[in-house]
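J.:
Protein chains in written order, with the working numbering: chain P, 60 to 360; chain W, 60 to 360.
1. Would you tell me roughly how many angstroms separate the C-alpha atoms of residue 270 of chain W and residue 204 of chain W, rounded to the nearest one?
2. Run through the segment 242-297 of chain W for me and flag every whole alpha helix (DSSP H) of 4 or more residues, listed as ranges in chain order.
3. Ignore the nearest five residues each way along the sequence and tell me which others in residue 1 of chain W's own chain have a CB closer than 7 Å to its CB.
4. Along the chain, where does the alpha helix (DSSP H) that runs through residue 190 of chain P open and close?
5. Which residues bound the alpha helix (DSSP H) around residue 169 of chain P?
6. Taking only beta-carbon atoms, is residue 90 of chain P less than 9 Å away from chain W?
7. Mind checking which residues open and close the alpha helix (DSSP H) that includes residue 348 of chain W?
8. Listing by chain order, which chain W residues have their CB less than 8 Å from the CB of residue 302 of chain P?
9. Excluding five sequence neighbours on each side, which residues of the same chain lie with their C-beta closer than 8 Å to the C-beta of residue 260 of chain W?
10. Going by DSSP, what residue range makes up the alpha helix (DSSP H) through residue 306 of chain P?
11. When you compare the CB positions of residue 283 of chain P and residue 252 of chain P, do they come within less than 9 Å of one another, or not?
12. From the DSSP secondary-structure annotation, give me the bridge partner or partners of residue 162 of chain W.
13. Between which two residues does the alpha helix (DSSP H) harbouring residue 107 of chain W extend?
14. How about residue 255 of chain W and residue 113 of chain W: are their beta carbons less than 9 Å apart?
15. Could you please give the first and the last residue of the uninterrupted alpha helix (DSSP H) stretch that includes residue 237 of chain W?
16. If we cut at 9 Å on Cβ distances, does residue 308 of chain P have a partner in chain W?
17. Is the CB of residue 174 of chain W under 9 Å away from at least one CB in chain P?
18. Quick one: residues in its chain with C-beta nearer than 6 Å to the C-beta of residue 67 of chain W, no 5 flanking neighbours on either side, listed in chain order?
19. Given residue 86 of chain W, which residues of its chain have a CB within under 7 Å of its CB, disregarding the five upstream and five downstream residues?
20. Would you say residue 218 of chain W reaches chain P, if we count a Cβ-Cβ gap shorter than 9 Å as a contact?
21. Residues of chain P with CB under 7 Å from residue 163 of chain W, in chain order?
22. Are the segment 241-251 of chain W and the segment 203-220 of chain W in contact at 8 Å, needing three or more beta carbon pairs?
23. Considering Cα atoms alone, identify which of P:224, P:128, P:141 is closest to residue 155 of chain P.
24. Kindly say whether residue 202 of chain W, judged by its beta-carbon, lies nearer than 9 Å to any beta-carbon of chain P.
25. Please list, in chain order, the residues of the segment 221-243 of chain P that have any C-beta partner in chain W closer than 8 Å.
26. Kindly list, in the order they appear in chain W, the residues whose Cβ is closer than 7 Å to that of residue 190 of chain P.
27. Beta carbons nearer than 8 Å to chain W: which residues of the segment 68-96 of chain P have them?
28. Indicate whether residue 317 of chain P and residue 64 of chain P have their beta-carbon atoms separated by less than 9 Å.
29. Rounded to the nearest angstrom, what separates residue 213 of chain W and residue 83 of chain P at their Cα positions?
30. Just the chain W side, please: which residues come within less than 7 Å of residue 337 of chain P by C-beta, in chain order?
31. In or out: residue 70 of chain W buried (at least 16 other Cβ within 10 Å) or exposed?
32. Taking DSSP as the reference, what is the three-state secondary structure of residue 339 of chain W?
33. On a Cα-Cα basis, can you pick out the residue from P:118, P:140, P:305, P:91 that is closest to residue 75 of chain P?
34. Start and end of the alpha helix (DSSP H) containing residue 81 of chain W?
35. I'd like to know if the segment 309-327 of chain P and the segment 227-243 of chain P are in contact, where contact means that at least 3 CB-CB pairs between them fall below 8 Å.
36. Short of 7 Å Cβ to Cβ, which residues in the segment 122-135 of chain P face chain W?
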């Protein structure tokens, strides 16, 4: 693995921030405090993994095409939309009625920095804004909205959070953990890959294949999260370490121990990577995406 | 005014309930408790005003056309989507961190019947589901999503709720009340009219005109709400009467007294009706929509 993907990711993170700023600024008439609360969480030092996946698939499919520059701007906007949905979910997950977290990425969570009512509304507003952005992304916009609604909705991310809350302190099996991680985390990562392909007007087969790859990569990512909660410091994580265990969260580490959970994340990640390679053309952009995805479960924070 | 619109509305309410049930059932893999919480609020005895407006405009524009039956099913789905957004906003508005209401339409609010975490997620899930439904509504689906995202988002409904919360107990002017009512209420009623027209593939001029009519009708509707909070009983309202005053809410009644507020609602309502008549063809469906809209500020609950 070379470090080429890191340089690219670092440059792209700046572009993603810029795209997010442009969308937020373009939304006129937002009450000041609400806008500040949205910005607080949106520009809170996230890894921007989901937009990077959108861009990665886009670049892999656009390599050598004449219109790659124009569609990259569309991919950036799609990535901004996914990041808005992700951010809204973090704001709501952190609420006292849910995970009750005061720290996120090393900064006060939205309801701590503002207040609970504003935090609920900032999340609600970001979700609406995200769909508004996707609706503006050209001939396949309504497919993008449909995929995003499924991934983020009650049978996806929102349902996963519900299952996660209900599983707290309960006896769980590896299968139940997998269901939670699939709905809560993997669905949105799979969506990110699919959006990159939709921007490039890819075939249904390519989109389905990417959703499948994203499923395994997403499980690997969340598996790594479970491991890091036990092995990393709060400082490295930017959030309270050891919290999963303290809250009795459903994690693979709790079900089968640290070493087996680590092996599972690696196994799933490799499966996802293999699928990705079957679908995407061989080129420099695909190699960078491959390395970015590998980092998803090899990361240290 | 005849009562023809009431019979039509009553029959349509059943169709709207059916459309909502179909959408909810079509969403597979939703955790049981989350689905129940969504259904609790979705089938809580609402007036279904917003879907009725979608259907009303649809019928006015479809009268005599051969494809009116097929497009009416699309209008029903669009109406279901608007009702989902409206319902999610009520669930979140009722939360302890916002209006802290325990009663809605004579039944316990979602967070009382379930719990706060589930209520937040039920609202989040309904919003996502609504956009998923709109994305599936044919050639102008992405326009529908864009309009809905604007009306429901941080510069619309969500922003209006933020302004409403911030204005509690503050000195307000009639102009500030108008801004709150416009964003919080009128935007979604205007959206409903516009969706009915989008289903019928209407021109941008028609859609703009309907958004304008909806603006005034929506202000009239909310103005009537302000009046009813003071004049009606909790039993008639199905929610706690007198609560606006007790909480120091920004209402026209508070700013200018009952009689002037009542006159204002009527004035705005008549302005909205006049616009509606300029835009829609003269037919039986338009007359029914006219009567339904008149009810919006003449109602007693």
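Don't be surprised by glycine CBs; every beta carbon is placed ideally from N, CA and C. Because the structure is a prediction, the values reported are computed rather than measured.
T.: On the basis of the data shown:
1. Straight-line Cα distance between these residues: approximately 15 Å.
2. Entirely contained in the segment 242-297 of chain W, the alpha helix (DSSP H) runs reaching 4 residues are, in chain order, 246-258, 263-290, 293-296.
3. Outside the shown range of chain W, which is 60 to 360, sits residue 1 of chain W, and nothing can be said about it.
4. That run of the alpha helix (DSSP H) goes 175-193.
5. Here the alpha helix (DSSP H) through residue 169 of chain P covers 169-172.
6. Chain W, which has a Cβ nearer than 9 Å to the Cβ of residue 90 of chain P, makes this yes.
7. First-last of the alpha helix (DSSP H) with residue 348 of chain W: 343-357.
8. Per Cβ cutoff of 8 Å: no residues; residue 302 of chain P is ~16 Å from chain W at best.
9. Counting only Cβ-Cβ distances below 8 Å, and skipping sequence neighbours, we find 198, 199.
10. Under the DSSP assignment, residue 306 of chain P falls in the alpha helix (DSSP H) whose first and last residues are 302-306.
11. Contact flag unset, no.
12. W:167, per the DSSP bridge assignment.
13. Looking at the DSSP string, residue 107 of chain W is not in any alpha helix (DSSP H), and its letter there is neither H nor E.
14. Yes, they are a contact pair.
15. Where residue 237 of chain W is concerned, the enclosing alpha helix (DSSP H) stretches over 233-240.
16. False, the Cβ-Cβ gap to chain W never drops below 9 Å.
17. Yes, because at least one Cβ of chain P sits closer than 9 Å to the Cβ of residue 174 of chain W.
18. Around residue 67 of chain W, the same chain offers 347 as residues with beta carbons nearer than 6 Å, after the five sequence neighbours per side are excluded.
19. Only 188 meet the Cβ criterion.
20. Closer than 9 Å: yes.
21. Contact of residue 163 of chain W with chain P by beta-carbon distance below 7 Å is absent, the smallest such distance being about 17 Å.
22. By the Cβ test, the segment 241-251 of chain W is in contact with the segment 203-220 of chain W, since at least three Cβ pairs between them sit closer than 8 Å.
23. When each option's Cα is compared against that of residue 155 of chain P, the closest is P:224.
24. So, interface residue.
25. Identification of residues in the segment 221-243 of chain P having a C-beta nearer than 8 Å to some C-beta of chain W yields 221, 222, 224, 225, 242, given in sequence order.
26. Residues of chain W whose Cβ lies closer than 7 Å to the Cβ of residue 190 of chain P are, in chain order, 190, 204, 208.
27. So the list reads 86, 87, 88, 89, 90, 92, 93, 94, given in the order they occur along the chain.
28. Against a cut-off of 9 Å, the Cβ pair of residue 64 of chain P and residue 317 of chain P comes out as no contact.
29. Cα-Cα distance, rounded: 10 Å.
30. For the C-beta of residue 337 of chain P, not a single chain W residue is nearer than 7 Å; the gap to the nearest is close to 26 Å.
31. So residue 70 of chain W ends up on the exposed side.
32. Coil at residue 339 of chain W, not helix or strand.
33. Per the Cα distances, P:140.
34. Membership of residue 81 of chain W in the alpha helix (DSSP H) is indicated by the continuous run 63-85.
35. Yes, since at least three Cβ pairs between the segment 309-327 of chain P and the segment 227-243 of chain P fall closer than 8 Å, the two stretches touch.
36. Answer set for the segment 122-135 of chain P: empty.
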